[in-house]
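Line order of the protein sequences matches chains R, B, A, E, X and D.
The first sequence: position 161 = 161 (our numbering), numbered continuously.
The second sequence: position 241 = 524 (our numbering), numbered continuously.
The third sequence: position 28 = 594 (our numbering), numbered continuously.
The fourth sequence: position 222 = 1071 (our numbering), numbered continuously.
The fifth sequence: position 133 = 1265 (our numbering), numbered continuously.
The sixth sequence: position 198 = 1613 (our numbering), numbered continuously.
Don't be surprised by glycine CBs; every beta carbon is placed ideally from N, CA and C.
A short worksheet on the structure shown next.
Protein chains: 6
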Amino acid sequence: MSAVDPPITAVREAVTRALIEDLEPLGDVTSALLPPGQQATAAFVAREEGVVAGGSCALETFRQVDPDVEIQWRVDDGAAVDPGTEIGRVIGSLASILIAERTALNFLCHLSGVASYTRRFVRAAHGDARIWDTRKTTPGLRALEKAAVRAGGGRNHRGNLSEWVLLKDNHIAGMGITEAVARARERWPARTVQVEADTLAQVDEALAADADIVLLDNMTPEQVATAVQKRGGARRPLLEVSGGVTLQTVSRYAGTGVDLISVGALTHSAPILDIGLDIVEVR
Amino acid sequence: MSAVDPPITAVREAVTRALIEDLEPLGDVTSALLPPGQQATAAFVAREEGVVAGGSCALETFRQVDPDVEIQWRVDDGAAVDPGTEIGRVIGSLASILIAERTALNFLCHLSGVASYTRRFVRAAHGDARIWDTRKTTPGLRALEKAAVRAGGGRNHRGNLSEWVLLKDNHIAGMGITEAVARARERWPARTVQVEADTLAQVDEALAADADIVLLDNMTPEQVATAVQKRGGARRPLLEVSGGVTLQTVSRYAGTGVDLISVGALTHSAPILDIGLDIVEVR
Amino acid sequence: MSAVDPPITAVREAVTRALIEDLEPLGDVTSALLPPGQQATAAFVAREEGVVAGGSCALETFRQVDPDVEIQWRVDDGAAVDPGTEIGRVIGSLASILIAERTALNFLCHLSGVASYTRRFVRAAHGDARIWDTRKTTPGLRALEKAAVRAGGGRNHRGNLSEWVLLKDNHIAGMGITEAVARARERWPARTVQVEADTLAQVDEALAADADIVLLDNMTPEQVATAVQKRGGARRPLLEVSGGVTLQTVSRYAGTGVDLISVGALTHSAPILDIGLDIVEVR
Amino acid sequence: MSAVDPPITAVREAVTRALIEDLEPLGDVTSALLPPGQQATAAFVAREEGVVAGGSCALETFRQVDPDVEIQWRVDDGAAVDPGTEIGRVIGSLASILIAERTALNFLCHLSGVASYTRRFVRAAHGDARIWDTRKTTPGLRALEKAAVRAGGGRNHRGNLSEWVLLKDNHIAGMGITEAVARARERWPARTVQVEADTLAQVDEALAADADIVLLDNMTPEQVATAVQKRGGARRPLLEVSGGVTLQTVSRYAGTGVDLISVGALTHSAPILDIGLDIVEVR
Amino acid sequence: MSAVDPPITAVREAVTRALIEDLEPLGDVTSALLPPGQQATAAFVAREEGVVAGGSCALETFRQVDPDVEIQWRVDDGAAVDPGTEIGRVIGSLASILIAERTALNFLCHLSGVASYTRRFVRAAHGDARIWDTRKTTPGLRALEKAAVRAGGGRNHRGNLSEWVLLKDNHIAGMGITEAVARARERWPARTVQVEADTLAQVDEALAADADIVLLDNMTPEQVATAVQKRGGARRPLLEVSGGVTLQTVSRYAGTGVDLISVGALTHSAPILDIGLDIVEVR
Amino acid sequence: MSAVDPPITAVREAVTRALIEDLEPLGDVTSALLPPGQQATAAFVAREEGVVAGGSCALETFRQVDPDVEIQWRVDDGAAVDPGTEIGRVIGSLASILIAERTALNFLCHLSGVASYTRRFVRAAHGDARIWDTRKTTPGLRALEKAAVRAGGGRNHRGNLSEWVLLKDNHIAGMGITEAVARARERWPARTVQVEADTLAQVDEALAADADIVLLDNMTPEQVATAVQKRGGARRPLLEVSGGVTLQTVSRYAGTGVDLISVGALTHSAPILDIGLDIVEVR
């Protein structure tokens, strides 16, 4: 267990599901044609620069397909790779390796894609602000994708609707921010209470209401800078920029002194990291 | 059931899983603060041009959250939308709508993203060749993503390792293509037998071996054109281009007379289609 | 959806599981002896004073057993009942009612037991401090039991290990509270950071470290009062009493000015609330 | 497999479910802050006198969280412990131990609570009658709780509606006990047929009807003694007392010569047995 | 709920599983070619004489595929059909009907096969002895197959290892039947205790031991008749013939006065009942 | 992985399900009476001639019940056995062996029954035509039964509705075979397209339409021979006989020169292969 590992329960369940969808009902009709007994060594190799994530899923895939396949894993989640870096290798039945290959790669490439895309935003922010994710994740893969964001150096916004309170306009309508925050604190003591502000006037109200974090929704860098000034030297609330931030615009937002920048694209639109499985030897 | 619908079993299971990951253990701690009894109308609205897919998932999400929410769906999977097009609307408890919102959108935006990206490749191929997908899908979502490819006008390569035989170099090693195809036909009669060819010499061998389809792996458009000529006027085998085809290069490949172009990016790297849920009215 | 409702996904899954364990493999061998077609009306009646919870589970049980059973539910979760109060009634096939009876009651009695026991602590605290639960829940029923605590007027501590940071001595060892809190904030921005303090010296350190909440572990009311004084007029951190608080001692702790008192017994040792299902009429 | 072990299938499934509810979506956000590589030894220690049950669940929890944790288990289910008795110890990654701790304890404390409470009833009955459980179990945990009753020296009433016939007034209405028993024997040969008797007149009828066991519902010890006399020296039917028997009243019922006393509270209202996990060493 | 119905939980789960295995990942690639909107009426028609079972599975299949398909069911489980008897009809989308057809028929033909085969044994026994099943069921379908045996007029032996005690030679070794039965009664009061007897000497011992039922294993009709005489006029124990009884030999065994004849073939080797789905009309 | 192995995911899931249905809620009440610590050796022995299948399910059953049971497996799936052939042996806890026995045998006898019945058809066809299965499988066991057919020397027709296109009269109505095949090819490129022909006129049309395989439905051997002649020397389409072929008639059909004969009875009506588990030694 390190800070970037996904929960093992989520890994096991996702791998089982993925294998079922790739194998049933007949199994791998092609590997069934191989001569019995063939052994092989194969290496996971990065084809491009990026950050690895999803290693535990790749390993679990081989374990579930064939516990006799030996796995030598070299690159931990969160580590950077270059084109040609060998991430790990598997040694065992050729048929087992071919059966597990695509499922293992689908996890590894997708989650490394999330980590790598996160790293690019993190770098573009120059350490001036934290990059974090959203609930805009691929259905069924939230736990894994949020771990991949951590592997890429990002942070996790709330994991789901249960983790903290995020008051948007529809929640606030008819009572105002101050009343809404108070009500949230009364109902859910000690839990993070966040307020979405669409205007600078709402920022004032949220500051006064003692929210833990204020989401600055779709504001310009200038508006964000003004919000930061309004907070002044106080440690709280945290200020988050949200809405359409891109690799092009992230440094301008980060430079405002805001604490956090949320980027839905980390999980909903990251291209994969290209990783292949090279057969090194067949015996 | 239309040609673009995913299996209902896959829809139900994926939606249940997605709701569990967004709601447990405490449910939506924010909606719990709403005054009881509030009703609302909300509209799914496209924010950009594209093709819709995942409608059945969005509907199922509301059904599972609250069967009393009325759904008026206007845009079928596979239809094009422009910025501002209303895709459907939901009418019922405000809390239910807010609870279902993100899960429904995560399906709709991701799958419409796949459909829209597919449509761009289909258009770029000018009808000269079919675009189809690969097994490089997001783990756990294969059935839904393959349906989204169909919604975008693409075709489906084999659904999984069970559906047809695809002989790659490791399967062929030590027996040659002719022998491998014969063995496949003997074991798996009537099932599609596909051969991967890395060189034009292998194309010759695959043609002679009476494969149903030949995958031309990482060839240039010129090599592909040569392969098409080798086949001549015969209806079979089908010829597929595979390997790194992009929106920039797809038309050159399509122009060679090849039948099919597979694009892993359709499912592994499609950005979402931006769709939002606008609250139209709260009562 | 009200603040006391459990997530519908948890309700459905728990009810299905409970019915399977009561019915398989042969079904109800006794109801199978009833003459076909008998209809009945039956009433859920409280046998003692308390607070109702688990209504959604009872309803879901009948829905899953037989959707044709009509349900008239009268008492919402969170409402008080006296001996003889009719909580709801079911009208339909006698066999279906007898099949569902025990499963529905097991949910209703257990969860109402949790709510009722919570209410007793809430009352004993005279509104001077909030009562909340712990992670000491019955395995598999956390979402339902935490909702029952809310129904009883209690509050929910973190729902699970994922929701917030709770630093105990083993986490702090070798770095100190200040460093540990800073590290938690760096890794998990905006997420609640709680510190366990076993001594008043640790309380000082936790106050200085700007924790969101401090758990006063196994302290006497006098020690707790001292900790409250140390905080002075500041709004933060919240102070929580934890460890062996009983119905006898809760008011003394509540009187110290502490904010929250956690009681594991709410979920791990609450006796059931006695509720029965009376057959009102058989037709 | 001993007489007190629960089915392994139930253990595995319950543990997986419990870990999911404690860990997802983000895993243990606190353990993620630990320095990597820390090893520890921890001991499960009883804090009070009682009987242990649920050992297989505790072990399975560590196995699922981290198969590399070494487990040294010392006290079998069914054995008595005193305050300070070490039940078992775990040696391995500190993070893994902290992640598994609460789930393992929730099983162990709850099930040991059931076993310990059962033992108290068994002792109070002085061996004059057997104590057994009911179907009033915690939803989803029936197999585990029934095993815990066995560990406490109790016996198991029918496991569910499928196991034997229990004729209550609504089943008998309109045909009488004799006819109902005959019908049950005709439909379900060799299966236990039990009759509920609310009056001594019904006891006469049940004796005449050759039931396998008669449930004496809510009778006084005097009425029970009369029923025992009515049976005289015959080996059958067995006679069971049911309804509101407490630790205070159980010996009076047991003294009547009745065979079995059912106590719903064994499973629906047993307080936990207090067991803790002490960190013995961190390396 | 009638005596022949399987538990609804088992029906729902089995149908979901069967649909997944027939539909994923791509759905019905053939029905996808139908013109949209076609409606049809189709009839389930018996092609041979037999007894229907599995109706609830067939209905559930259509409900899960498409809740808008109207179902008119005419023949209850347990009823006899002749070639040409219409069992039920479905009215709705042609595509939905074709998608559900094979799954519904697989349940209906298999379970009606079990019921019909049971009926043949029941008839051949001329009412002289009851026919019942064994635990030799198809894995995953026990609840459904045991219900089908009931539909065919048979009875159910124990549903699984949990329901009653069946002492075979390995259980008895080293203690003798008397001791083993006493031990079983001590551990599992009121639960059926059955003893397997391989010889007439063991029958004597089992009679003396007061077993509830004695299994006469692989005995000739003459040996069985002797065992029946040994029991004399006593109502107990029941006597069961087991081992290789066929349609040819069943009447000779039934004529001995034995109570029950178990036939593993009812569930492990019954041929299907041929039932087809005829499209009556397409609109 | 050999050509006859079922997917490991299907094996694991089916075994878990089967164990749950045989063991819950109380476990094996009889084995619980055994003296603790007894060890045994037991052998799986064929009682009749046939072909083994389901070995991986039998092994997985023991693994799930008790990983400490040692398994020595001697006969691979697909191998022939005679009465008395020892298929494998298990060495370990007697209780574990008795608990796993029936579940392991239910898989082994059923699947070996399918393989053995398949072998009989294969032999009766004298190698003149291939025997293959249908979708008429036992619900929930398709993957395992299709593997058993392969073990018996048969081939697999499409695994489910997703794998290939099979155009029947209702699909063709209103457009004709030629149009239907073209449409199928357009929608589902490279996927097998099969046409059902009820008459020789339809055979002509299917030949002209360039189907991959034609199903000759319920034709006489003479009609089949005519169809074979119509195809002449062409390699395609494959011709399949379907409908009511029995062990008596299969050789006549095979002699016509047809390629494939489908037999639903392989999976829906195969009697079990009688295999027993003999306790060799108890220690």
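Exercise for the section: Go through its chain and collect everything with a Cβ distance to residue 1477/D's Cβ below 7 Å, but skip five positions before and after it. Expected result: Walking along the sixth sequence from the start, residue 1477/D turns up at place 62. Taken in chain order, the residues that qualify are 1484, 1486, 1505, 1515, 1519.
Exercise for the section: Could you give the DSSP three-state label for residue 1694/D: helix, strand or coil? Expected result: As a first step, residue 1694/D is located in the sixth sequence; it is residue number 279 there, counting from the start. Residue state, collapsed to three classes: strand.
Practice task
Return the chain-ordered ranges of every beta strand (DSSP E) run that is complete within the segment 423 to 498 of chain B and spans a minimum of 3 residues.
Solution key: 448 to 450, 476 to 480, all fully within the segment 423 to 498 of chain B.
Problem - Interface positions of the segment 1289 to 1300 of chain X facing chain D (Cβ-Cβ less than 9 Å), listed along the chain - result: 1291, 1292, 1293, 1294, 1295, 1296, 1297, 1298, 1299, 1300
Exercise for the section: Given a cut-off of 8 Å, decide if residue 1687/D and residue 1524/D are closer than it, judged by their beta-carbon atoms. Expected result: For the purposes of this step, residue 1524/D is identified with residue 109 of the sixth sequence, where counting begins at 1. For the purposes of this step, residue 1687/D is identified with residue 272 of the sixth sequence, where counting begins at 1. In contact: residue 1524/D and residue 1687/D (Cβ atoms closer than 8 Å).
Handout entry: Environment of residue 413/B [buried if 16+ CB atoms lie within 10 Å]
Key = By one-based count along the second sequence, residue 413/B stands at place 130. With 16 or more other Cβ atoms within 10 Å, it is buried.
Problem - Extent of the continuous alpha helix (DSSP H) run through residue 9/R - result: Counted from its first residue, the first sequence places residue 9/R at position 9. 8 to 23 is the span of the alpha helix (DSSP H), which, as asked, contains residue 9/R.
Handout entry: Exposure label - residue 1002/E; buried when at least 16 CB within 10 Å
Key = One-based indexing of the fourth sequence puts residue 1002/E at position 153. Buried is the call here.
Practice task
Starting from residue 948/E, trace the alpha helix (DSSP H) both ways and give me its first and last residue.
Solution key: Residue numbering aside, residue 948/E sits at position 99 when the fourth sequence is read from its first letter. Its alpha helix (DSSP H) spans residues 943 to 973.
Handout entry: Reference residue 1021/E; option with closest CA among 698/A, 660/A, 775/A, 791/A
Key = As a working mapping, residue 1021/E is identified with position 172 in the fourth sequence. With distances taken between Cα atoms, residue 1021/E lies closest to 660/A.
Problem - the segment 572 to 605 of chain A: positions lying closer than 8 Å to chain D by Cβ - result: Contacts with chain D (Cβ-Cβ distance below 8 Å) from the segment 572 to 605 of chain A involve 587, 590, 591, listed in chain order.
Problem - residue 140/R classed as buried or exposed, judged by whether at least 16 other C-beta atoms fall within 10 angstroms - result: Translated into positions along the first sequence, residue 140/R becomes position 140. Residue 140/R should be labelled buried.
Exercise for the section: Determine the extent of the beta strand (DSSP E) in which residue 413/B is found, giving its start and end residues. Expected result: For the purposes of this step, residue 413/B is identified with residue 130 of the second sequence, where counting begins at 1. Residue 413/B -> beta strand (DSSP E) spans 413 to 415.
Exercise for the section: Anything in the segment 920 to 942 of chain E with a Cβ closer than 8 Å to a Cβ of chain R? List those residues in chain order, please. Expected result: 942
Practice task
Give, in chain order, every residue of the segment 37 to 68 of chain R whose Cβ lies closer than 7 Å to some Cβ of chain D.
Solution key: 65
Handout entry: The alpha helix (DSSP H) enclosing residue 1360/X, as first and last residue numbers
Key = Translated into positions along the fifth sequence, residue 1360/X becomes position 228. Run containing residue 1360/X: 1353 to 1363, per the alpha helix (DSSP H) assignment.
Problem - Alpha carbon of residue 1243/X to alpha carbon of residue 966/E, nearest angstrom - result: Counting from one through the fifth sequence, the residue named residue 1243/X turns up at place 111. Counting from one through the fourth sequence, the residue named residue 966/E turns up at place 117. Approximately 45 Å, taken between the alpha carbons.
Handout entry: residue 1368/X versus residue 1038/E - alpha carbon distance
Key = Looking up residue 1368/X in the fifth sequence gives position 236. Looking up residue 1038/E in the fourth sequence gives position 189. For residue 1368/X and residue 1038/E, the distance between alpha carbons rounds to 12 Å.
Handout entry: Residue range of the alpha helix (DSSP H) that includes residue 1479/D
Key = By 1-based counting over the sixth sequence, the position of residue 1479/D is 64. Run containing residue 1479/D: 1470 to 1480, per the alpha helix (DSSP H) assignment.
Exercise for the section: Could you name the residues that DSSP lists as bridge partners for residue 1456/D? Expected result: Reading the sixth sequence from its first residue, position 41 is the one you call residue 1456/D. Residue pairing by DSSP puts residue 1456/D in a beta bridge opposite 1506/D, 1696/D.
Practice task
Taking only beta carbons into account, state which residues of the segment 416 to 436 of chain B come closer than 8 Å to chain R, listed in chain order.
Solution key: 418, 419, 420, 421, 422, 423, 424, 425, 426
Practice task
Please classify residue 1379/X: does DSSP put it in a helix, a strand, or coil?
Solution key: Walking along the fifth sequence from the start, residue 1379/X turns up at place 247. Coil at residue 1379/X, not helix or strand.
Problem - Span of the alpha helix (DSSP H) around residue 592/A - result: Taking the third sequence and counting its residues from 1, one reaches residue 592/A at position 26. Note, residue 592/A: premise wrong, no alpha helix (DSSP H); not H, not E.
Exercise for the section: Using a threshold of 8 Å, state whether the C-beta atoms of residue 1256/X and residue 1283/X are closer than that. Expected result: The residue you call residue 1256/X lines up with position 124 of the fifth sequence. The residue you call residue 1283/X lines up with position 151 of the fifth sequence. Contact flag unset, no.
Exercise for the section: Can you grab the Cα-Cα spacing for the pair residue 1502/D / residue 27/R, in whole Å? Expected result: Taking the first residue of the sixth sequence as position 1, residue 1502/D is located at position 87. Taking the first residue of the first sequence as position 1, residue 27/R is located at position 27. For residue 1502/D and residue 27/R, the distance between alpha carbons rounds to 24 Å.
Handout entry: Given residue 1708/D as reference, the closest of 1491/D, 1576/D, 1447/D, 1622/D once Cα atoms are compared
Key = Outside the modelled stretch of chain D, which goes from 1416 to 1698, sits residue 1708/D, for which no answer is possible.
Exercise for the section: List the whole-angstrom C-beta distance separating residue 1196/X from residue 1147/X, where the pair is believed to meet the contact cut-off of C-beta under 8 Å. Expected result: Taking the fifth sequence and counting its residues from 1, one reaches residue 1196/X at position 64. Taking the fifth sequence and counting its residues from 1, one reaches residue 1147/X at position 15. So it is a contact: roughly 6 Å between Cβ atoms.
Practice task
Note the first and the last residue of the continuous alpha helix (DSSP H) segment covering residue 832/A.
Solution key: Here residue 832/A corresponds to residue number 266 of the third sequence, with the count starting at 1. That run of the alpha helix (DSSP H) goes 831 to 834.
Handout entry: Simplified DSSP state of residue 599/A, which is helix, strand or coil
Key = Here residue 599/A corresponds to residue number 33 of the third sequence, with the count starting at 1. Reduced to three states, the DSSP call for residue 599/A is helix.
Problem - Beta-carbon spacing of residue 478/B, residue 460/B below 8 Å - result: Along the second sequence, read from residue 1 onward, the residue named residue 478/B stands at position 195. Along the second sequence, read from residue 1 onward, the residue named residue 460/B stands at position 177. Yes, the pair counts as a contact, with Cβ atoms nearer than the cut-off.
Exercise for the section: Report the neighbours of residue 385/B on chain R: residues whose CB is nearer than 7 Å to its CB, in chain order. Expected result: As a first step, residue 385/B is located in the second sequence; it is residue number 102 there, counting from the start. Residues of chain R passing the Cβ test: 135.
Problem - Residue-chain proximity (residue 568/A, chain B), Cβ-Cβ < 8 Å - result: In the third sequence, residue 568/A corresponds to position 2, counting from 1. True, the Cβ-Cβ gap to chain B drops below 8 Å.
Exercise for the section: Starting from the beta carbon of residue 501/B, find every residue of chain R whose beta carbon is closer than 8 Å, and list them in chain order. Expected result: What you label residue 501/B is simply residue 218 of the second sequence in a count that begins at 1. Within 8 Å Cβ-Cβ: nothing; residue 501/B doesn't reach chain R, min ~12 Å.
Handout entry: Where residue 779/A meets chain R, residues with beta-carbon distance less than 9 Å
Key = By one-based count along the third sequence, residue 779/A stands at place 213. 189, 190, listed in chain order.
Exercise for the section: Tell me, please, whether the CB atom of residue 1049/E is closer than 8 Å to any CB atom in chain X? Expected result: Here residue 1049/E corresponds to residue number 200 of the fourth sequence, with the count starting at 1. So, not an interface residue.
Handout entry: Contact the segment 1327 to 1337 of chain X vs the segment 1355 to 1362 of chain X: 3+ CB pairs below 8 Å
Key = yes
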